[in-house]
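>
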Amino acid sequence: MSASHPDNAPAATAASAQAFQTRLADRAAAMETTLTEIFNRRSAAPPRLLAAMRHAALGGGKRLRPFLTVETAALCGAEAATALPTAAAIELLHCYSLAHDDLPAMDDDDLRRGQPTVHKAFDEATAILAGDALLTLAFEVIADAGAHPSPDVRARLTLGLARAGGMTGMVGGQMLDLAAEGRWGAARLSPDDILHLQALKTGALLAFAVEAGGLVAGADADVQARLARYGKAVGGAFQIADDILDHEADAETLGKRAGKDAEKGKGTLVTALGLSGARAICDELIDGAIAALDCFGAEADMLRHAARFVGARRS
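Going by our numbering, the residue at position 22 of the sequence shown is 981; the numbering climbs one at a time, nothing skipped.
Okay, structure coming up:
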């Protein structure tokens, strides 16, 4: 836990920190089971395609996005299990993005979560199709009646996922990220430009993961506004922490290639402001995320811990 947050929440004792780690692991296990069941119900798909989709989505990862969805829903009064289909749809869309981002035409990565990336384990064509299938499966899951009994809520969830993952969200951010490498001419990004890029590429889906939990639970407008502040701040902090890790950690710790941002000349706050400057903004965002939960009591502690975890993670 970051030492810069001693007063942001009830004192984070070793016991409460361990409780968070246990909850995170439990939610990840529940998501693994949910995703496995989703794939098992689609055994009619071509076997190689389904195997590549399983490779992309199963067997690793902290499952932070599903955690945020389920914990937010629980905070707002819903049973955790009712949020699992929505959380699974968000994770499927996230996994599609990883399969495509790892391709040679994008970030050209060989490792993901300590395992060969999809195009290395299979081939590029299969990786593209597996990503396409994961993306469309995400919308199939979130639009299905099993995601929520209310058609209106399902429509809002589907719209929100489309916006978070599309051209004004994750895909748009990836395009800006590629442009920042200088692929189509010289690119000079200010810190504000970098924050905007990251808010689309990474922050939009993380923020929606929080918003979706509130939608599933039927949270009122005031609560949703506070959750939006929290989600936006956590999303911003996550990407900055990722950039810091890319600079400081090794491939074995990360489970993927380290130092690639500097190799590709990517626009990050580490390159723009240095490590201390990037850490300062990351800490500020985490402070803001925790402050957004001031109206909640101890029942929001898991989300407070999640914000601290984002800033302190080492993989």
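Ideal Cβ placement from N, Cα and C applies to all residues, glycine included.
Between the alpha carbons of ALA1245 and SER1149, how many angstroms are there, rounded?
For the sequence presented, residue 1245 should be read as Ile rather than Ala. If you take the alpha carbons of ILE1245 and SER1149, they lie about 22 Å apart.
> Would you mind stating whether LEU1174 and THR1045 have Cβ atoms separated by less than 9 Å?
yes
> For VAL1169 versus THR995, is the C-beta distance shorter than 9 Å?
no
> What residue range does the alpha helix (DSSP H) around SER1109 cover?
SER1109 -> no alpha helix (DSSP H), and no H or E assigned at all.
> For LEU1034, which three-state DSSP category applies?
helix
> Per DSSP, GLN977 forms a beta bridge with which residues?
Partner(s): none; GLN977 has no beta bridge.
> Tell me where the alpha helix (DSSP H) around ALA1187 begins and ends.
Membership of ALA1187 in the alpha helix (DSSP H) is indicated by the continuous run 1180 to 1207.
> Give the DSSP-derived three-state secondary structure of ARG1071 in the structure shown.
strand
> Whose CA, out of LEU1051, ALA978, GLY1270 and LEU1186, lies closest to the CA of CYS1241?
GLY1270
> Using CA atoms only, rank isn't needed, just tell me which of LEU1009, LYS1225, HIS1264 and ALA1176 is closest to ILE1199.
LYS1225
> I believe TYR1055 touches LEU1094 by the beta-carbon criterion, under 8 Å. Please report the beta-carbon distance rounded to the nearest angstrom.
Contact holds; Cβ gap of about 4 Å.
> Just to check my reading of the structure: LYS1079 and ASP1069 have Cβ atoms closer than 8 Å, yes? What is that Cβ distance to the nearest angstrom?
5 Å
> Go ahead and pull the three-state DSSP assignment for PRO1005.
coil
> Buried or exposed for LEU1234, going by 16 or more other Cβ atoms inside 10 Å?
exposed
> Just to confirm my understanding: we take GLY1128, look at its own chain, exclude 5 residues before and 5 after, and list those with CB closer than 6 Å. What are they?
ARG1122, LEU1159 and ALA1163
> Give me the Cα-Cα distance between ALA1015 and ALA1259, rounded to the nearest whole angstrom.
31 Å
> For THR1076, count neighbouring C-beta atoms within 10 Å of its own C-beta (all shown protein chains included) and say buried if the count is 16 or more, exposed if not.
buried
> Can you say whether THR1227 is buried or exposed, counting buried as having 16 or more other CB atoms within 10 angstroms of its CB?
buried
> How far does the alpha helix (DSSP H) with PHE1255 in it reach, from first residue to last?
Bounds of any alpha helix (DSSP H) do not take in PHE1255, whose DSSP letter is neither H nor E.
> For PRO1025, count neighbouring Cβ atoms within 10 angstroms of its own Cβ and tell me buried if that reaches 16, exposed if not.
buried
> Counting pairs of beta carbons, one from the segment 1190 to 1197 and one from the segment 1249 to 1268, are three or more of them closer than 8 Å?
yes
> One question on the structure: do ALA1106 and ALA1048 come within less than 9 Å of each other, judged by their Cβ atoms?
Yes, they are a contact pair.
> From the DSSP output, in three-state form, read off PHE1081 for me.
coil
> Taking 9 Å as the threshold (C-beta atoms), are LEU1043 and ALA989 in contact?
yes
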